[in-house]
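Colleague:
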Amino acid sequence: MIRKAYCAGLFYPQNPQGLRESMHKFFAPFLHGENTAGQHTAGEAGRVPVRICLLPHAGHIYSGAVTAKTLAEIVLPSKLIMLCPNHTGLGRHGAVWDRGGFETPLGIVPAAEDTAAALLRYPCFAADTAAHIREHSVEVILPFLQYLYGDSLSIVPVGLAGLENLDAMAAAVAECMRADSKVGLVVSSDMNHFASEKENRRKDFLALEALRSLDEKMLIQTVMDNDISMCGVLGAYIGIRAAKALGLRECRIAGYDTSASASGDSSRVVGYAGAYFL
Numbered sequence: 002m003i004r005k006a007y008c009a010g011l012f013y014p015q016n017p018q019g020l021r022e023s024m025h026k027f028f029a030p031f032l033h034g035e036n037t038a039g040q041h042t043a044g045e046a047g048r049v050p051v052r053i054c055l056l057p058h059a060g061h062i063y064s065g066a067v068t069a070k071t072l073a074e075i076v077l078p079s080k081l082i083m084l085c086p087n088h089t090g091l092g093r094h095g096a097v098w099d100r101g102g103f104e105t106p107l108g109i110v111p112a113a114e115d116t117a118a119a120l121l122r123y124p125c126f127a128a129d130t131a132a133h134i135r136e137h138s139v140e141v142i143l144p145f146l147q148y149l150y151g152d153s154l155s156i157v158p159v160g161l162a163g164l165e166n167l168d169a170m171a172a173a174v175a176e177c178m179r180a181d182s183k184v185g186l187v188v189s190s191d192m193n194h195f196a197s198e199k200e201n202r203r204k205d206f207l208a209l210e211a212l213r214s215l216d217e218k219m220l221i222q223t224v225m226d227n228d229i230s231m232c233g234v235l236g237a238y239i240g241i242r243a244a245k246a247l248g249l250r251e252c253r254i255a256g257y258d259t260s261a262s263a264s265g266d267s268s269r270v271v272g273y274a275g276a277y278f279l
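Residue numbers for the sequence shown, in my numbering: 2 to 279.
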């Protein structure tokens, strides 16, 4: 099954050429070189090999610069488990898109069916397309990954909708990554929503400090105690635990911004962060 592009024309340009040009502009301050297919050709020199990162998923005019800056610093594996929040209420917790692929105007990103099958051996996950049909938090990141990695990219989107089984999910993800060095993990998350610029930054930096400290329990507690609407906190929890299981000991915050930079409205903003684990 191919999941049709749902957000094209809403969160990012619908026209393929317009989207390629938009990607080029986002990456231009950080990377150089492009081939006739619109794919980045500058190679991996100076970029850090990374297996786990966190990326935002808002409209590209708001969060695209943070996404591009983060991805420009790192090199990810070719197969990516993508943990996303469930904004729609559809589907189940631990929903795995296991076949076919995801479409954007830049083409179809195939599902990494072998990695999906490996995850589905664990009872905390289940094959489920309903959670993904109208969920934007994987799709809006894909054009950035397609621009960098082209046809080598494949994905396993996983929707998260509750606190149940997070430790088991993290252990399963880490085991899949240990078994296959070509598997990486992307956590899709925006930060706090709809406070003033000053208050939003205060809340976001509390959550980011817990993330940077690689303390998944502190992250959940900080988000709950401070009413921080970090929509991908469940994925971040799994990401931290998986990172530690793989022996990673540092979380680097690559970029941060709020929607005020694009909108000019600092009275009610959303925060965006990019991070990766080393």
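Idealized CB from N, CA, C, for every residue including glycine. Please read these numbers as outputs of a predicted model, since none were measured by experiment.
#1: Under three-state DSSP, which class holds R4?
#2: Cα separation between L247 and R122?
#3: Thinking just about the alpha-carbon of each residue, which of G265, R203 and L91 is nearest to the one in D228?
#4: Considering only their Cβ atoms, is the gap separating R242 from E217 smaller than 8 Å?
#5: Starting from Y150, follow the alpha helix (DSSP H) in both directions and report where the run begins and ends.
#6: Do E176 and S267 have their CB atoms nearer than 8 Å?
#7: Quick one: measure Cβ to Cβ for V1 and A196, integer angstroms, because I've assumed they're closer than 8 Å.
#8: Do the CB positions of A112 and G101 come within less than 8 Å of each other?
#9: For M231, does the count of other Cβ atoms within 10 angstroms reach 16, so buried, or fall short, so exposed?
#10: Less than 8 Å between the beta carbons of L154 and S79, yes or no?
#11: How far does the alpha helix (DSSP H) with Y238 in it extend, from its first residue to its last?
#12: Give the single residue among W98, E22 and N193 whose Cα lies nearest to the Cα of E114.
#13: Is A131 near G92, with beta carbons less than 8 Å apart?
#14: For L84, report the span of its alpha helix (DSSP H) as first-last.
#15: Reducing DSSP to helix, strand and coil, say where T89 ends up.
#16: Less than 8 Å between C-beta atoms, sequence neighbours within five positions excluded: which residues of the same chain meet that for A59?
#17: At the level of alpha carbons, what is the spacing between G10 and K70?
#18: Hey, could you find the ends of the alpha helix (DSSP H) L212 is sitting in?
#19: To the nearest angstrom, how far is it from the Cα of R213 to the Cα of F206?
#20: Would you mind working out which of L107, I254, L146 and A169 sits nearest L235, comparing C-alpha positions?
#21: In its own chain, which residues sit with a C-beta less than 8 Å from the C-beta of V76, not counting the 5 before and 5 after it?
#22: Would G265 and V188 be called neighbours here (beta carbons separated by less than 8 Å)?
#23: Along the chain, where does the beta strand (DSSP E) containing T105 start, and where does it finish?
Modeller: Reading from the atomic positions:
#1: By 1-based counting over the sequence shown, the position of residue 4 is 3. Looking at R4 - three-state DSSP - the assignment turns out to be strand.
#2: Numbered from its first residue, the sequence shown carries residue 247 at position 246. Numbered from its first residue, the sequence shown carries residue 122 at position 121. Distance between the alpha carbons of L247 and R122: 20 Å.
#3: Translated into positions along the sequence shown, residue 228 becomes position 227. Minimum Cα distance to D228 is reached at R203.
#4: The residue you call residue 217 lines up with position 216 of the sequence shown. The residue you call residue 242 lines up with position 241 of the sequence shown. Result yes, Cβ atoms of E217 and R242 sit closer than 8 Å.
#5: Residue 150 sits at position 149 when you count from the first residue of the sequence shown. From DSSP, the alpha helix (DSSP H) with Y150 extends over L143 to Y150.
#6: The residue you call residue 176 lines up with position 175 of the sequence shown. The residue you call residue 267 lines up with position 266 of the sequence shown. Cβ atoms of E176 and S267: not closer than 8 Å.
#7: What the structure shows of the chain is the stretch from 2 to 279, and residue 1 is not part of that stretch, so it cannot be assessed.
#8: Your numbering for residue 112 matches position 111 in the sequence shown. Your numbering for residue 101 matches position 100 in the sequence shown. It is a contact, given that the beta carbons lie within the stated cut-off.
#9: The sequence position of residue 231 within the sequence shown is 230, counting from 1. With 16 or more other Cβ atoms within 10 Å, it is buried.
#10: Within the sequence shown, the letter at position 153 stands for residue 154. Within the sequence shown, the letter at position 78 stands for residue 79. A contact, by the Cβ cut-off of 8 Å.
#11: Your numbering for residue 238 matches position 237 in the sequence shown. Residues V234 to A246.
#12: Along the sequence shown, read from residue 1 onward, the residue named residue 114 stands at position 113. Of the listed residues, the one whose Cα sits closest to E114 is W98.
#13: In the sequence shown, the residue the question calls residue 131 occupies position 130. In the sequence shown, the residue the question calls residue 92 occupies position 91. Contact flag set, yes.
#14: For the purposes of this step, residue 84 is taken as residue 83 along the sequence shown, with counting starting at 1. Counting along the chain, L84 falls outside any alpha helix (DSSP H), though it belongs to the beta strand (DSSP E) covering K80 to P86.
#15: Indexing the sequence shown from 1 puts residue 89 at position 88. Reduced to three states, the DSSP call for T89 is coil.
#16: For the purposes of this step, residue 59 is taken as the residue at position 58 of the sequence shown. If we look at A59 and ignore the five residues flanking it on each side, its Cβ neighbours are F12, V141, D191, S260, V271 and Y273.
#17: One-based indexing of the sequence shown puts residue 10 at position 9. One-based indexing of the sequence shown puts residue 70 at position 69. So the alpha carbons of these two residues sit roughly 23 Å apart.
#18: Residue numbering aside, residue 212 sits at position 211 when the sequence shown is read from its first letter. Counting along the chain, the alpha helix (DSSP H) containing L212 begins and ends at E198 to R213.
#19: Counted from its first residue, the sequence shown places residue 213 at position 212. Counted from its first residue, the sequence shown places residue 206 at position 205. Going by the C-alpha atoms only, they are around 10 Å apart.
#20: Counting from one through the sequence shown, the residue named residue 235 turns up at place 234. For L235, the nearest C-alpha among the options comes from A169.
#21: In the sequence shown, counting from the first residue as 1, residue 76 sits at position 75. Same-chain partners within the cutoff: E45, R48, V49, P50 and V51.
#22: For the purposes of this step, residue 265 is taken as residue 264 along the sequence shown, with counting starting at 1. For the purposes of this step, residue 188 is taken as residue 187 along the sequence shown, with counting starting at 1. It is not a contact, given that the beta carbons lie outside the stated cut-off.
#23: Reading the sequence shown from its first residue, position 104 is the one you call residue 105. Taken as a continuous stretch (DSSP letters only), the beta strand (DSSP E) holding T105 covers G102 to T105.
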